[in-house]
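Here's the structure we're looking at; comments come further down.
Protein chains in written order, with this note's numbering: chain A, 10 to 343; chain B, 116 to 405; chain C, 255 to 529.
Structure follows, in structure tokens:
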């Protein structure tokens, strides 16, 4: 069991308000990702839930019980830190078992649980090693082991993959997602990487300047961004945002078209005409950066290899059903 | 960034240290200030009376004060000059690729661990003694008249001893700073065809500036209070030749039992040290931010 | 990597050894003299190595001058004052490093500034207080003075070491359910031990060599080696071999400690301003 609700949570440091007001509910067993640019307050929000920081106002309910006045130990949550925060002087075994030892479990039970967790994470051969003798990926797994062994109400992940190289990051992303599904434990995961958010989350919470911009499933956010910020943040390459006469023609302050929703033609047809300034050939895809009068540089993603080069004039046609329109306040017009 | 509970705990834990240091500083200092306004001699007990700034007037107009002040400044200045210049040279040398660097390093820092009374007596009796000292023998072998160091150049002798004690400190800190010089900077300079002297003056010296400042400030604080070296070698003499402010205050208090006058002198010493301390605190405070 | 010529390396090595030995020479000479007879110690030309080596000075220093009494005092004073300082400083440094407030920085600087007060500034009242409380020439009194004198340095050094322990690790322990006490015992202390050890070493060295308060507040009962050696400053007769033997004994233990701790020394001596 592990449902978490935030009701009107606020946090101020001195005179600066880091979290103005957040309402949020995390269902039991779900994988929720907090995503946003650095400094958006996502880590602070996680630390408030963990109890590592005091809230300035509002309530945090874990399984319906308000825990704002309880220390981190009493909340029954476990956390995986960005730096892993392994205890450098303890073996892997003791690192994983430390929480159980603090909870006063008998030694035999600790040993059994640690062995079990190590087994799940393929750490059994390394149990007697010290953290400094492990690779980055192994340290990461120890940190996860420390989190799962206590069978917490929820896992809190604070950018856990940012210290790994790209290949390992993809692999650990899968492992964490798979582990969370098999354990069925609620997870809150903080990242600035929208790809991680899209691939792992049941529900994404997009944060900006301490405010929740939108909450929804990955596809919701991709297909129906509520506002300009979410539209620009979710999706890679980024959505093209065009202002001026083109947008005005569609009755909006700004329009957005995703690179993958624009068709390229070379026969003189197309809604807009422009010149390719850079073409990136990835094999499976081609990214074109097209200079379009009145629209600036438009990014287009086409499948496969089309043999297009810089300097060529092309026609671009956005899929009309997938054009996003935003008003003066940046809100989506639906 | 922390919780209210841990902030509160942090304050409680720091409180005892702050309290004892506060008492240690404020109580004796307050007493010194109070005594400095009294006519108070231990040989004439029960006759204490308030005399205002008279002690200061006596102390500050006493020719002995000016001699001691001059000696203090000369001692601090000379030792600083010798240890900084010597320290830079030693540090540069130690930064070279040399065989047995570890051992040489131990040799060089050794004097810092010698207690002041030992180093003073060893220099005075084994090295500088006009009859049996090693220096006398060297002078005689070279056909010179042996020098009676503590009679003819007493302050210089004290300076030499103190400088020997503090040279390792300067060298060690400057060497540490030198070794933090980016290796790529050296290589870039080599690529640019910078000669060794230009390299030293344009790159090494600016890099050492901060460490040199630290050495100057820390040494100054300790050198203003040099006491044991004078106490066991010259006793401040001959005459007042090696009396610095610290020794003058000591003599006034524990040799002449003039509590009032000594207290006034002590306050003068505190004021002098605070001028240096102000710079020091600012420098270290800046570093604390990082 | 720059390529150094062998010739340059040899030249530098010779030069460095000459400088090193020159700086070390007074100590070396003292140790050599301590093995001479008083006659050899005084002879001209001086005897460098080919003299009659003897241990009689060491034997005599022990017999005639209560060397061990003073050595014991030095040990008690330096370790005692360090221990008391640790008792106060560990919690303080812990609090300041892990629960800093707006005033932590100025508090630390203020502590440092007390260290900069010249001892002569408070010599008179301390002397009078000690006299009136009967604490002149008492170990307890001197331990207190040395403790207070070094407390700022100890707090500072521990603070800089504690600062280097990542916050995350302590928070992880908190998440793991450790109380403040357990956090200190299981996490902080084991991680801080190297730092605490070098703090102890530096402080012992400073206290061992302290020669203002020890000279002014002790005469015999509580007198440590600094005072004991100072008593040789007015020699009745020529006891230089014995002075050398006593001095060698007085500095040997601390020199060894110092050599071991030299790596940490710079940091401690500069309050972390040079690393």
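A virtual CB, placed ideally from N, CA and C, is assigned to each residue, including glycine.
Keep in mind it's a predicted model, so treat the numbers as computed, not measured.
So which residues on chain C does residue i lean against when the C-beta distance must stay under 8 Å?
| i | result |
| --- | --- |
| residue 140/B | 368 and 371 |
| residue 61/A | 425, 428 and 429 |
| residue 243/B | Those do not exist, as residue 243/B stays about 10 Å from chain C at its closest Cβ, beyond 8 Å. |
| residue 181/A | Residues of chain C passing the Cβ test: none, with the nearest at roughly 18 Å. |
| residue 87/A | 429 and 430 |
| residue 126/B | 349, 353 and 355 |
| residue 131/B | 342, 345 and 346 |
Under 8 Å between beta-carbons, which chain A residues line up against residue i? List them in chain order, please.
| i | result |
| --- | --- |
| residue 432/C | 82, 107 and 111 |
| residue 441/C | 96 |
Please state if the CB of residue j and the CB of residue i are separated by a distance shorter than 9 Å.
| i | j | result |
| --- | --- | --- |
| residue 301/A | residue 325/A | yes |
| residue 450/C | residue 277/C | no |
| residue 238/B | residue 287/B | no |
| residue 495/C | residue 317/C | no |
| residue 120/A | residue 106/A | yes |
| residue 5/A | residue 20/A | Residue 5/A is absent from the structure shown; chain A starts at 10 and stops at 343. |
| residue 513/C | residue 221/B | yes |
Using a Cβ cut-off of 7 Å, pull out every chain A residue sitting near residue i, in sequence order please.
| i | result |
| --- | --- |
| residue 445/C | 97 and 98 |
| residue 436/C | 111 |
If the cut is a Cβ gap below 7 Å, which residues of chain C does residue i touch?
| i | result |
| --- | --- |
| residue 364/B | 374 and 377 |
| residue 184/B | Neighbours of residue 184/B on chain C: none; closest Cβ ~13 Å, over 7 Å. |
| residue 214/B | 267 |
What in chain C is Cβ-close to residue i, meaning under 9 Å?
| i | result |
| --- | --- |
| residue 166/A | Those within 9 Å of residue 166/A in chain C number zero; the least Cβ separation is about 12 Å. |
| residue 33/A | Those do not exist, as residue 33/A stays about 21 Å from chain C at its closest Cβ, beyond 9 Å. |
| residue 47/A | Those do not exist, as residue 47/A stays about 17 Å from chain C at its closest Cβ, beyond 9 Å. |
| residue 370/B | Those within 9 Å of residue 370/B in chain C number zero; the least Cβ separation is about 11 Å. |
For residue i, return the contacting residues in chain B, with the cut-off set at a CB-CB distance below 8 Å.
| i | result |
| --- | --- |
| residue 296/C | 247 |
| residue 304/C | Those do not exist, as residue 304/C stays about 16 Å from chain B at its closest Cβ, beyond 8 Å. |
| residue 498/C | 237 and 241 |
| residue 281/C | 225, 226, 229 and 237 |
| residue 564/C | Missing from the structure shown is residue 564/C; chain C here goes from 255 to 529 and no further. |
| residue 381/C | 368 and 369 |
Out of curiosity, what's the CA-to-CA distance linking residue i and residue j?
| i | j | result |
| --- | --- | --- |
| residue 365/B | residue 267/C | 46 Å |
| residue 406/B | residue 393/B | As displayed, chain B neither begins before 116 nor continues past 405, which places residue 406/B out of reach and without an answer. |
| residue 319/B | residue 309/B | 12 Å |
| residue 358/B | residue 350/B | 8 Å |
| residue 226/A | residue 202/A | 16 Å |
| residue 245/B | residue 256/B | 14 Å |
| residue 354/B | residue 272/B | 15 Å |
| residue 176/A | residue 45/A | 23 Å |
| residue 309/A | residue 305/B | 48 Å |
| residue 77/A | residue 18/A | 10 Å |
| residue 397/C | residue 191/B | 29 Å |
| residue 55/A | residue 30/A | 14 Å |
| residue 223/A | residue 210/A | 14 Å |
| residue 144/B | residue 379/B | 11 Å |
| residue 414/C | residue 22/A | 25 Å |
| residue 152/A | residue 426/C | 10 Å |
| residue 405/B | residue 231/B | With a pLDDT of 43 at residue 405/B, under the threshold of 50, the predicted position of this residue should be treated as unreliable, though the coordinate-derived value follows. Cα to Cα, the separation comes out at about 35 Å. |
| residue 485/C | residue 497/C | 10 Å |
| residue 261/B | residue 225/B | 28 Å |
| residue 299/A | residue 267/A | 14 Å |
Could you check how far apart the C-beta atoms of residue i and residue j are, in whole angstroms? I think they sit under 8 Å.
| i | j | result |
| --- | --- | --- |
| residue 202/B | residue 285/B | 3 Å |
| residue 311/A | residue 295/A | 5 Å |
| residue 353/C | residue 462/C | The Cβ separation is near 34 Å, so there is no contact. |
| residue 281/B | residue 198/B | 5 Å |
| residue 177/B | residue 294/B | No, residue 177/B and residue 294/B are not in contact; Cβ-Cβ is about 48 Å, not under 8 Å. |
| residue 184/B | residue 283/C | Residue 184/B to residue 283/C, Cβ: 35 Å. No contact. |
| residue 326/B | residue 289/B | 6 Å |
| residue 58/A | residue 251/A | Incorrect: roughly 39 Å between the Cβ atoms, too far for contact. |
Which bits of chain F does residue i rub up against, with CB to CB less than 8 Å?
| i | result |
| --- | --- |
| residue 420/C | Absent from the structure: chain F. Protein chains present are A, B and C. |
So with CB distances below 9 Å, who are the chain B contacts of residue i?
| i | result |
| --- | --- |
| residue 405/C | 132, 135, 136 and 139 |
Stretch pair the region 401-413 of chain C + the region 439-457 of chain C: three plus CB contacts closer than 8 Å: yes
Quick check: the region 410-419 of chain C against the region 34-42 of chain A, are there 3 or more CB pairs under 8 Å? no
On the three-pair Cβ rule with 8 Å, is the region 377-396 of chain B touching the region 329-346 of chain B? yes
Answer yes if the region 308-326 of chain C comes into contact with the region 376-390 of chain C, meaning at least three C-beta pairs across the two stretches below 8 Å, and no otherwise. no
The region 277-286 of chain A / the region 137-154 of chain B touching (three or more Cβ pairs under 8 Å): no
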